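Colleague: This is the structure, below, for whatever I ask next.
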Amino acid sequence: MAQNPAKIEGQTLPTIEGQTRVQAKDRELVDNVYGSPVDLWQHRFRRIGCGIIFLILLLIILWAIWRFERDTTESYADNVEHFKYGSIGSEPGGSLMDSQGGLLPPYEIFRVLPQVTPDRLPGGYESLGLTFEKGHDLPVGVTKRYRLGFEQVGVNCALCHTGTWRETPAGERHIVAGMPANRLQIQRLFKFILDSTLDERFTADNVIGLMKRNGVHLSWMDRLLYRATLLARVREATLQMQGRMGLLMDPAQVTEWGPGRVDTFNPYKALQFNWPLAQLPRQELNAPSDYPSLWNQAPRDGMDLHWDGNNASLAERNLSASLGAGVTPVTIDHPNVDRVAAWARTLPAPKYPFAIDAAKATRGQALYTAAHCLDCHGDHRFRDGVKTGQYLGKVTPIAEIGTDPLRLNSYTFPFASNQYTLYPESKYSFRHFKKTGGYANQPLDAIWARGPYLHNGSVPTLRDLLEPDANRPATFYKGYDVYDQQKVGFVYNVASEGATQYYLFDTSKPGNGKAGHYYGTTLSPDEKDALVEYMKTF
Amino acid sequence: MTNKEHRRKTIIRIVIILLVLVALGGWFTWYSFFRELPQEAWVDQSPRNHFLYGSIGQEGVEGLPYWIYLVLPKVFPEYLPGPGGYASLGMSWEPSTPPNDGANGNPPHELPMGVTKKTVGFARAGLNCAFCHVSRVRLTADQAVPAFYPGGPSHQFRVQDYQWFLFNSASDPRFNSTVLMKAINSVTKLSMREAFLYRFILIPATRRAILKQKEEFAWQFTHNRPLQGPGRVDPFDPVRFRFFKEPDDGAIGNADIPSIWNQKDRTGKSIHWDGLSRKFAEVAISSAIGDGARNKYLDVPSLKKMEEYLTNLAPPKFPLPVNAALAAQGAPIFQAQCGQCHALGGPRTLGPIPIAEVGTDARREQSWTQSQVDSWKKMATDYQHKYHADWNFDTFSKQWGYVAVLLDGVWLRGPYLHNGSVPSLRDLLNPPAQRPAKFYRGYDLLDAANVGFVSNVPEAGGQKFFLYDTALPGNANAGHLWGTNLSAPEKEALLEYLKTL
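Quick mapping for you: the protein sequence lines, in order, are chains P and B.
Counting from 1, one number per residue, gives the positions in the first sequence under this note's numbering.
Counting from 1, one number per residue, gives the positions in the second sequence under this note's numbering.
In structure tokens:
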């Protein structure tokens, strides 16, 4: 079979004068060697083989890109659903080789963890005050996002800003978006994650075995990745978190946060700036504060936000809070954060759900103005965006307000300075944070749903807040969400309900002081009742 | 076509390809390492901004790649004096006064005062005069935000600790591309080109450069030299040992950072503690060179602009009420006791007083030598030849004493004497035996009663202060006995008057 050798070679040989004869001889030789049918087939196979290998490599690369570079998350049409379950980017992200951000282990591990170390969390996540809704396998505020090759979980605004109440112990539990998470024990949640991912039972065999028993079937590739990298990575992340923040998660070292509270800025010092917390004065680390409400944000823009009023920009406050939820400037999902922020601007404050004595409330309104409550806190119209009171949203010096100073002191000037370096070289870079000298006067929209009161949640009800220091309860139970319509707040004398033990809050611990804010404490009991009745209308 | 022609064509082709490659490579090198961009517009929008954040040309020579600068305190917090990142070194960010928008001419605050950002190939963080010359003061311990006065001494800033933070970090094996890139990737998304540059060139090169500088500063810990502590530097020995290659003779030049405001009252008079120069422009240029603004990067027009700002920058007034009647009693005492040397226009004001007469610690004065005068002058000649510089160090000379300084804004300039060895003016009016032998430096709380900064607390607000020991070499609190024999009421009156300066 005569073949054109040039074709077989895949190229045209040059025909330069003077070399032709030599080349002709060479070509003859080539013809002889490569012209045989066997060689021809060999060549074809080689070409096909190379093609196939190339194709397989390409497919592997495409698969790897699809598997590890995909960043997808469910999007919810409904704003409230989006708020509760939509990702703000706080899941671990960045790149496979260099993962960034995130506070919780991947989805399947997060779900199985209470079973891996059952003694560390006998009641499951519910016992930490996380709220599960029908049709969702993750609690409110815990989000799912596919990143770095796995379903990851993160937390969003709703974790700390969705609360619940019941009319009676047997009544329905109402879940209110934007309400402070009055039952959430976030410190214990993170302590549990740290402890159980460092537990010796946190092994691939246990984790995969328990998943199997739960009906979660991993592909062989996933099993391989779990064993080869994922668990080790989780543990690495935990070790880093333990090293940086372990001190804050340990109630033996700092005042326990308990339900409905978080230390806002100390974890930030550790996570964002890697400050050696152990070198800070211990007092600075006792700064748990009550979760604020998230509704009706529009009229709050320009007011001194955060309990100590350290920032007057809503946008910066939101981005700062997102950092607290575990985003980084590179993993944050700005469109989703913006969507929540836009929604919260006009989220209506929930109306008091029980009957109000209108006549009593009217009497209370007169007292509210006469006792100068209005000057600092505005009135019932704030829910409609009407701002009254010359000191509303401004900082009252600590010497004047006299409440526990530790939260204020935990936000230091060097810390504010460091915050300016966040979101660097971007339009988001912080420039409004400032150290202040007191606590900001909050507007009281839906104050009925925001108990316990004061920045550190040290006074259980509004009625108690109108009592002098000595008459305010020294200890009380927190985390019970049955409503107290008389005192306005949650019932605080119930120690347990079934298997659930409620948290005994001790106002004598550092940062828990109930002193200060004695405004209205000199009114008569009748007047106080009327005042509280009026505040139900807020 | 002949064989020769073919070969020639091939060679021409190869040459063209090589030339294109070289040109591309050259362009890439220029673009990535040498391309100079002006600073952001807000820097030049006010003389104050320019003084605090304007480049003096230091970035091109000794500037840190911006992202390394930004993440370093997060990666190596253990080499800082305490928690707080750069703030733990006493570096200060301007407090927020909304709307702090770069677009409105206000700084966007990402950088502390005295740190400059400029692109020379890549964004670099450098420093300028404000690194050491912005005063910070609180009037009460619980004052939320301190007040800042540009042009005053940064008495709380630990210059030496900043240097050694860099040196120790670069000596740590974790100063590598893997660790630093992870830190950088957590705060920003670099382009592929930048990521490549950082990973393969900038991080290793920065490490080498810092380690080289560490070698050049090894003298700081020879001859039992004491720590400088906050608010003090050894201004001339670095240049002397690094660039003039003079042998380490154990000189100690540690000196308090001075105020540099109100230069109009100092025109033509002695500058620096020992009066080694009489022209502010020369002092500014020599300081800039010492800080690393060298060669073609030295930005003399920028320094000129700062000089203009500082010429008329008024010293800040004492921020608390002054007892006017008492101060009025103090005025004649000042004229009689101090006026000769310290009053504006006094016969000896702003001139050097011989060591024998002033009696203060001699080490700083001894550290400046004739050989350095010659070397600096030679350096100026070199710059004239190489870079067509139009400046010189003609007024540089060796003096034998310390300058009797003008006392404008003296309330903000503590601790006192050239080596910062006396914490307050009240202590300075006492005989040396009664002045504190040890005290703390670095607290920004004003000690209004004694005039100076509070110096008897070891720590406050989570910050540990520096224990200054007057027994160490160069730290003596002897000398300057004027006023020590006044009566107690006279001293009170004099102190009150000094507040008004």
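Beta carbons: idealized from backbone N, C-alpha and C, even for Gly.
Computed from a prediction, not measured in an experiment: that's the story for all the values here.
If we define contact as Cβ-Cβ less than 8 Å, is Met181 (chain B) a contact residue for chain P?
Modeller: It does; some Cβ of chain P falls within 8 Å.
Colleague: Starting from Leu280 (chain P), find everything on chain B with Cβ-Cβ shorter than 7 Å and list it in chain order.
Modeller: By Cβ distance, chain B contributes Pro83, Gly462.
Colleague: Is the shortest distance between the beta-carbon of Asp526 (chain P) and the beta-carbons of chain B less than 8 Å?
Modeller: Not one chain B Cβ lies under 8 Å of Asp526 (chain P).
Colleague: I want to see whether chain P comes within less than 8 Å of Ala251 (chain B), judged by CB atoms only; does it?
Modeller: With 8 Å as the cut-off, Ala251 (chain B) does not count as an interface residue toward chain P.
Colleague: Which residues of chain B have a Cβ atom closer than 8 Å to the Cβ of Asp98 (chain P), listed in chain order?
Modeller: In chain order: Met181, Lys182, Asn185.
Colleague: Tell me the DSSP secondary structure of Ile401 (chain P) in three-state form.
Modeller: Looking at Ile401 (chain P) - three-state DSSP - the assignment turns out to be helix.
Colleague: Report yes or no: is there a C-beta of chain P within less than 8 Å of the C-beta of Lys189 (chain B)?
Modeller: Output row for Lys189 (chain B): interface = yes.
Colleague: Bridge partners of Phe490 (chain P), per DSSP?
Modeller: Bridge partners of Phe490 (chain P): P:Tyr483.
Colleague: Mind pulling the chain B residues with CB within less than 9 Å of Asn418 (chain P)?
Modeller: Per Cβ cutoff of 9 Å: Pro73, Gly84, Gly85, Tyr86, Ala87, Trp93.
Colleague: In the DSSP assignment, what are the bridge partners of Leu445 (chain B)?
Modeller: Beta-bridge pairing links Leu445 (chain B) to B:Arg138.
Colleague: Can you tell me which residues form a DSSP beta bridge with Phe45 (chain P)?
Modeller: Note: Phe45 (chain P) sits in no beta bridge, so no partner.
Colleague: Taking Cβ-Cβ distances shorter than 9 Å, what residues in chain B pair up with Val330 (chain P)?
Modeller: Those are Asn185, Ser186, Val187, Thr188, Lys189, listed as they occur along chain B.
Colleague: Closest by CA to Gly326 (chain P), which one among P:Val153, P:Leu121, P:His82, P:Gly129?
Modeller: Of the listed residues, the one whose Cα sits closest to Gly326 (chain P) is P:Val153.
Colleague: Just mark Leu285 (chain P) as buried or exposed, buried being the case when its beta carbon has 16 or more other beta carbons within 10 Å.
Modeller: That one is buried.
Colleague: Nearest by alpha-carbon distance to Pro510 (chain P): which of P:Leu444, P:Leu531, P:Leu408 is it?
Modeller: Taking only the C-alpha atoms, the option nearest Pro510 (chain P) is P:Leu408.
Colleague: Kindly identify the DSSP beta-bridge partner or partners of Thr73 (chain P).
Modeller: Its beta-bridge partners are P:Arg145.
Colleague: Within 10 Å of its beta-carbon, does Tyr31 (chain B) have 16 or more other beta-carbons around it, so buried, or fewer, so exposed?
Modeller: Burial call: exposed.
Colleague: In chain B, which residues lie less than 9 Å from Leu277 (chain P) when you measure between Cβ atoms?
Modeller: In chain order: Pro83.
Colleague: Just the chain P side, please: which residues come within less than 9 Å of Leu37 (chain B) by C-beta, in chain order?
Modeller: Within 9 Å Cβ-Cβ: nothing; Leu37 (chain B) doesn't reach chain P, min ~14 Å.
Colleague: Does the beta carbon of Lys394 (chain P) sit closer than 8 Å to a beta carbon anywhere in chain B?
Modeller: Taking Cβ atoms only, chain B never reaches closer than 8 Å to Lys394 (chain P), which makes this a no.
Colleague: What does the Cβ neighbour count give for Leu29 (chain P), buried or exposed, with the cut at 16 atoms within 10 Å?
Modeller: Under this definition Leu29 (chain P) is an exposed residue.
Colleague: Taking C-beta to C-beta, are Trp506 (chain B) and Lys491 (chain B) nearer than 8 Å?
Modeller: In the structure as shown, chain B begins at 1 and stops at 501. Residue 506 (chain B) is therefore absent and cannot be evaluated.
Colleague: Run down chain B in chain order and give the residues with a C-beta less than 9 Å from the C-beta of Gly437 (chain P).
Modeller: Ordered by position in chain B, the residues that pass the 9 Å Cβ test against Gly437 (chain P) are Asp142, Gln143, Ala144, Val145.
Colleague: Taking the alpha-carbon positions, what's the Pro354 (chain B) to His480 (chain B) distance?
Modeller: Spanning the two alpha carbons is a distance of roughly 11 Å.
Colleague: What's the gap between the Cα of Leu280 (chain P) and the Cα of Met245 (chain P)?
Modeller: Cα to Cα, Leu280 (chain P) sits roughly 13 Å from Met245 (chain P).
Colleague: Using 8 Å as the threshold, is the C-beta distance between Cys132 (chain B) and Ile257 (chain B) below it?
Modeller: Yes. Within cutoff.
Colleague: Curious, which full-length alpha helix (DSSP H) runs of at least 4 residues does the segment 141-196 of chain P contain?
Modeller: List check, alpha helix (DSSP H) in window: 157-160.
Colleague: Please list the residues of the segment 124-158 of chain P that have a C-beta atom closer than 9 Å to any C-beta atom in chain B, keeping them in chain order.
Modeller: Against chain B - using a Cβ distance shorter than 9 Å - the segment 124-158 of chain P contributes no residues.
Colleague: What three-state label does DSSP hand Gly511 (chain P) in the structure shown?
Modeller: Gly511 (chain P): coil per DSSP, three-state reduction.
Colleague: Does any residue of chain P have a CB that is nearer than 8 Å to the CB of Leu446 (chain B)?
Modeller: No - not a single Cβ of chain P is within 8 Å of the one on Leu446 (chain B).
Colleague: Strictly below 7 Å CB to CB, what residues from chain B border Glu425 (chain P)?
Modeller: By Cβ distance, chain B contributes Thr188.
Colleague: Could you tell me whether the Cβ atoms of Leu495 (chain B) and Val451 (chain B) are closer together than 8 Å?
Modeller: Yes. Within cutoff.
Colleague: Going by DSSP, what residue range makes up the beta strand (DSSP E) through Asp469 (chain B)?
Modeller: Per DSSP, Asp469 (chain B) belongs to the beta strand (DSSP E) from 466-469.
Colleague: Kindly list the residues whose CB is nearer than 7 Å to the CB of Lys189 (chain B), restricted to its own chain and excluding five residues on each side of it in sequence; keep chain order.
Modeller: So the list is empty, once near-sequence residues are dropped.
Colleague: So with Cβ pairs under 8 Å, would you call Arg431 (chain P) a contact of chain B?
Modeller: For Arg431 (chain P), the answer is yes, since a Cβ of chain B falls inside 8 Å of its Cβ.
Colleague: Can you pull out the residues from the segment 127-141 of chain B whose beta carbon lies closer than 8 Å to at least one beta carbon of chain P?
Modeller: Flagged: no residues at all.
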